[in-house]
Amino acid sequence: MCAITKEQVFEAVSTVIDPEVGFNLVEMGLIYDAIVEESCNIQVIMTLSTRACPLHQMITQWVREAVEKIEGVGIVEVEVVWEPEWNISMANDNVKKALAGI
Amino acid sequence: MFNVSKETAPPFGMISPFFWIGSSFYLLATIFLLFLNPQHGHFDLAIVGWLHWFLLGFMMMVIFGAMAQLVPVVLEVGHFSVDLYYIIWPLLLVGTLVMSFGFWVNPFVLPYGGLLVFVSMVIFLYDTLMTLRKVTNITFTVKTVIASNLFLLVGIIIGFVLSLAMGSAVDIDINSWLGVHVVMVLAGYITLTIMGLSMILLPMFGLSHGFDETAVQRAFVLMVSAVIAYFVATLLAWEIGKWISFMMMLASVSLYIYQVTIIYDTRARKENDIWVKSMFVGYASLLVSAVLGFVYALTFSENFLMGAAWFLIVGFFAFLVNGHLYKIIPFLVWFERYSPLVGKQKVPMLHEMLPKRMANFEFFFSTMGLVIAGIGIVISSDDLFKGGVTLLITGAVFMFASVRWMLDYGIKK
Numbered sequence: 001m002c003a004i005t006k007e008q009v010f011e012a013v014s015t016v017i018d019p020e021v022g023f024n025l026v027e028m029g030l031i032y033d034a035i036v037e038e039s040c041n042i043q044v045i046m047t048l049s050t051r052a053c054p055l056h057q058m059i060t061q062w063v064r065e066a067v068e069k070i071e072g073v074g075i076v077e078v079e080v081v082w083e084p085e086w087n088i089s090m091a092n093d094n095v096k097k098a099l100a101g102i
Numbered sequence: 103m104f105n106v107s108k109e110t111a112p113p114f115g116m117i118s119p120f121f122w123i124g125s126s127f128y129l130l131a132t133i134f135l136l137f138l139n140p141q142h143g144h145f146d147l148a149i150v151g152w153l154h155w156f157l158l159g160f161m162m163m164v165i166f167g168a169m170a171q172l173v174p175v176v177l178e179v180g181h182f183s184v185d186l187y188y189i190i191w192p193l194l195l196v197g198t199l200v201m202s203f204g205f206w207v208n209p210f211v212l213p214y215g216g217l218l219v220f221v222s223m224v225i226f227l228y229d230t231l232m233t234l235r236k237v238t239n240i241t242f243t244v245k246t247v248i249a250s251n252l253f254l255l256v257g258i259i260i261g262f263v264l265s266l267a268m269g270s271a272v273d274i275d276i277n278s279w280l281g282v283h284v285v286m287v288l289a290g291y292i293t294l295t296i297m298g299l300s301m302i303l304l305p306m307f308g309l310s311h312g313f314d315e316t317a318v319q320r321a322f323v324l325m326v327s328a329v330i331a332y333f334v335a336t337l338l339a340w341e342i343g344k345w346i347s348f349m350m351m352l353a354s355v356s357l358y359i360y361q362v363t364i365i366y367d368t369r370a371r372k373e374n375d376i377w378v379k380s381m382f383v384g385y386a387s388l389l390v391s392a393v394l395g396f397v398y399a400l401t402f403s404e405n406f407l408m409g410a411a412w413f414l415i416v417g418f419f420a421f422l423v424n425g426h427l428y429k430i431i432p433f434l435v436w437f438e439r440y441s442p443l444v445g446k447q448k449v450p451m452l453h454e455m456l457p458k459r460m461a462n463f464e465f466f467f468s469t470m471g472l473v474i475a476g477i478g479i480v481i482s483s484d485d486l487f488k489g490g491v492t493l494l495i496t497g498a499v500f501m502f503a504s505v506r507w508m509l510d511y512g513i514k515k
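Listed in order, the protein sequences are those of chains A and B.
So for the first sequence, this note's numbering puts the first residue at 1; every next one is plus one.
So for the second sequence, this note's numbering puts the first residue at 103; every next one is plus one.
Here is the structure:
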């Protein structure tokens, strides 16, 4: 049985910051799910704010590296999906307020 | 799934010359305006020479540099051969200098400059068209890239023949084919390229989602039809056909502006940074240009034509290009110097890599200069025009300094 929780994975990914907007991927709502298997292999399911993101590969690499820092973790896979399409309603209130200049 | 890797992204050293050469040409172009008189009309060789200096040395240079980075992003495939960009800028640079010398001093060198520019663009087109062959996902932007590059091909062939004609090597009706050359390059290439890229870049930077794209799709069809119609009308020497195609272009531009307002309204990112402000002035200039173009179509007054061209080229084109430099250069510098350090040490955010005060000065002086000189052109006031140009030069100095500042960011750290 793996002791790593989904919350730990999200916490690890929250260290990854989008350099364009300055917010971390979790508060942006870009991380859809984290599946922790019994073997401690982890699959992160995420999206990006645009399909044309020029940092696509680097961001997924940063997410993988951040999760790999969790103690006892097995193989980490990052899957980028486009459904559901990201929109600002998925971000947390702090991000919405900051982007809206409130 | 598409990835832009280190391998498909162009090396920083390859693209940075496009930007500092482009901003140098922009600065010098604004200074050269002091020696022009817009009342001489659009056939004046001094004005034609300035246009080539501005459009080739600044616009095309920056667009080509930006395309080196943007092609993998918008087409979702890697370049056919990104190394070709190493020879594009030297050919375009020398060709532009020779062509400008030809227009201003000695027309006999025009074909030589024209040939160098022609070869640089053929190389650019070769890479772009070969890259397009790898594309499987035909998006709206891909369609605009295909159409605009085909128009560019026709435009530069006609331009090269014109340079031969002006160098007295070929006998053609220069006035008629000059119109086709202008329409192919300005409407067919630059406007369609901006139309296509903006549908990626505006939502990306503004975080706009879920908006209707019908308006821009109709604008695209109208613009393509209008450019082809102008070409056919010239072949048939059908003046009303040219007028109709001109009105179609205005309708296309109106629909495109409407699309931009839709994207603007749906953006999540409300901050009005230097990029947003530059876009605002750029699109406002396009609207002013369309209105002045409409008045010209009714009155055939040269002042309105020159005013429309001023707001299109120095307003719309220049503000969109300069505005995007504030996004593109920090990203490229960050990607080159800081992306390998992510997770290992604190890295700057992109907005920290902007010279905000200098950029705001650039925006203020450029906007004031654009408007005052534009009014000077329309009401035939040389004093107003020269006064506006002085402000524009001040803005260009700040632009040049900002570009250097951004390119050098982090070098000493």
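Just so it is clear, CB atoms sit at the ideal spot from N, CA and C, and this is done for glycine as well.
The structure presented is a predicted model; accordingly, all values stated were derived computationally and were not measured.
Which complete alpha helix (DSSP H) runs does the stretch 407-481 of chain B hold, if anything under 4 residues is left out?
Within the stretch 407-481 of chain B, the complete alpha helix (DSSP H) runs of at least 4 residues are 420-439 and 458-480.
Pull the bridge partners of residue 17/A from the DSSP assignment, please.
DSSP, once it has assigned bridges, lists 24/A as partnering residue 17/A.
When you compare the CB of residue 77/A with every CB in chain B, is at least one pair closer than 8 Å?
With 8 Å as the cut-off, residue 77/A does not count as an interface residue toward chain B.
Residues of its chain near residue 137/B, where Cβ-Cβ distance is below 8 Å and the 5 sequence neighbours each way are ignored
So the list reads 148, once near-sequence residues are dropped.
Which ranges would you report for the alpha helix (DSSP H) in the stretch 126-162 of chain B if only whole runs of at least 4 residues count?
As for any alpha helix (DSSP H) of minimum length 4 sitting wholly inside the stretch 126-162 of chain B, the runs are 147-154, ordered along the chain.
Look at the alpha carbon of residue 213/B and the alpha carbon of residue 312/B, and state the distance between them as a whole number of angstroms.
For residue 213/B and residue 312/B, the distance between alpha carbons rounds to 49 Å.
Which one of 122/B, 393/B, 374/B and 267/B has the shortest CA to CA distance from residue 99/A?
Measuring from the Cα of residue 99/A, the nearest candidate turns out to be 374/B.
Return helix, strand or coil for residue 4/A, following the three-state DSSP convention.
Collapsing the DSSP output to three states places residue 4/A in coil.
Would you say the stretch 471-491 of chain B touches the stretch 408-417 of chain B, given that touching needs at least three Cβ pairs under 8 Å?
With contact defined as three or more Cβ pairs closer than 8 Å, the stretch 471-491 of chain B and the stretch 408-417 of chain B are in contact.
Quick test of your reading: residue 390/B and residue 406/B, contact by CB under 8 Å. State the CB separation rounded to the nearest angstrom.
Contact doesn't hold; Cβ gap of about 11 Å is too wide.
Could you tell me whether any Cβ in chain B is nearer than 8 Å to the Cβ of residue 84/A?
For residue 84/A, the closest Cβ of chain B is not nearer than 8 Å.
Interface residues of the stretch 11-36 of chain A facing chain B [CB-CB below 7 Å]
Listed by position, the residues of the stretch 11-36 of chain A near chain B (Cβ gap below 7 Å) are 19, 20 and 22.
Tell me whether residue 28/A is buried or exposed, calling it buried when 16 or more other Cβ atoms sit within 10 Å of its Cβ.
So residue 28/A ends up on the buried side.
For residue 423/B and residue 80/A, I'd like the C-alpha separation in whole angstroms.
For residue 423/B and residue 80/A, the distance between alpha carbons rounds to 31 Å.
What are the residues in the stretch 361-386 of chain B lying within 7 Å of chain A by C-beta distance?
For the stretch 361-386 of chain B, which is checked against every Cβ of chain A, the residues closer than 7 Å are 370, 371, 372 and 373.
Which residues share a DSSP beta bridge with residue 33/A?
Here residue 33/A is bridged, per DSSP, to 45/A.
If you measure beta-carbon to beta-carbon, which residues of the stretch 438-449 of chain B are closer than 9 Å to chain A?
Among the residues of the stretch 438-449 of chain B, those with a Cβ less than 9 Å away from any Cβ of chain A are 440, 441, 444, 445 and 449, in the order of the chain.
Measuring CB to CB, does residue 399/B end up less than 8 Å from residue 345/B?
By the CB criterion at 8 Å, residue 399/B and residue 345/B fall inside the cutoff.
With a cut-off of 8 Å, does the C-beta of residue 92/A fall near any C-beta of chain B?
By this cut-off, residue 92/A is not an interface position.
For residue 354/B and residue 394/B, what's the separation of their Cα atoms in angstroms?
The straight-line gap from Cα to Cα measures roughly 15 Å.
Beta-carbon proximity list for residue 439/B, same chain, < 7 Å, skipping 5 on both sides
Within the same chain, Cβ atoms closer than 7 Å to the Cβ of residue 439/B are found at 512, the five residues on either side in sequence being excluded.
Are the C-beta atoms of residue 65/A and some chain B residue less than 8 Å apart?
Taking Cβ atoms only, chain B reaches closer than 8 Å to residue 65/A, which makes this a yes.
Bridge partners of residue 79/A, per DSSP?
When beta bridges are read from the DSSP output, residue 79/A appears opposite 45/A.
Using CA atoms only, rank isn't needed, just tell me which of 143/B, 350/B, 172/B and 327/B is closest to residue 433/B.
For the residues 143/B, 350/B, 172/B and 327/B, the minimum Cα distance to residue 433/B belongs to 172/B.
What residue range does the alpha helix (DSSP H) around residue 58/A cover?
Boundaries of the alpha helix (DSSP H) around residue 58/A: 56-68.
Return the residue from the list 55/A, 30/A, 25/A and 32/A that minimises the CA-CA distance to residue 430/B.
By alpha-carbon distance to residue 430/B, the top candidate from 55/A, 30/A, 25/A and 32/A is 55/A.
Along the stretch 153-182 of chain B, what residues have a CB closer than 9 Å to any CB found in chain A?
From the stretch 153-182 of chain B, only 171, 172, 174, 175, 176 and 178 have a Cβ closer than 9 Å to chain A.
Please identify the residue among 58/A, 93/A and 69/A whose C-alpha is closest to the C-alpha of residue 442/B.
For the options 58/A, 93/A and 69/A, the alpha carbon positioned closest to that of residue 442/B is the one of 58/A.
Residue-chain proximity (residue 103/B, chain A), Cβ-Cβ < 8 Å:
For residue 103/B, the predicted model reports a pLDDT of 38, less than 50, meaning its position is unreliable; a value from the coordinates is still stated below. It does; some Cβ of chain A falls within 8 Å.
Since residue 501/B and residue 128/B should fall inside the 8 Å C-beta cutoff, what is the C-beta to C-beta distance between them, to a whole number of angstroms?
Right, their Cβ atoms sit about 6 Å apart.
For the alpha helix (DSSP H) that residue 74/B lies in, which residues bound it at each end?
Residue 74/B is absent from the structure shown; chain B starts at 103 and stops at 515.
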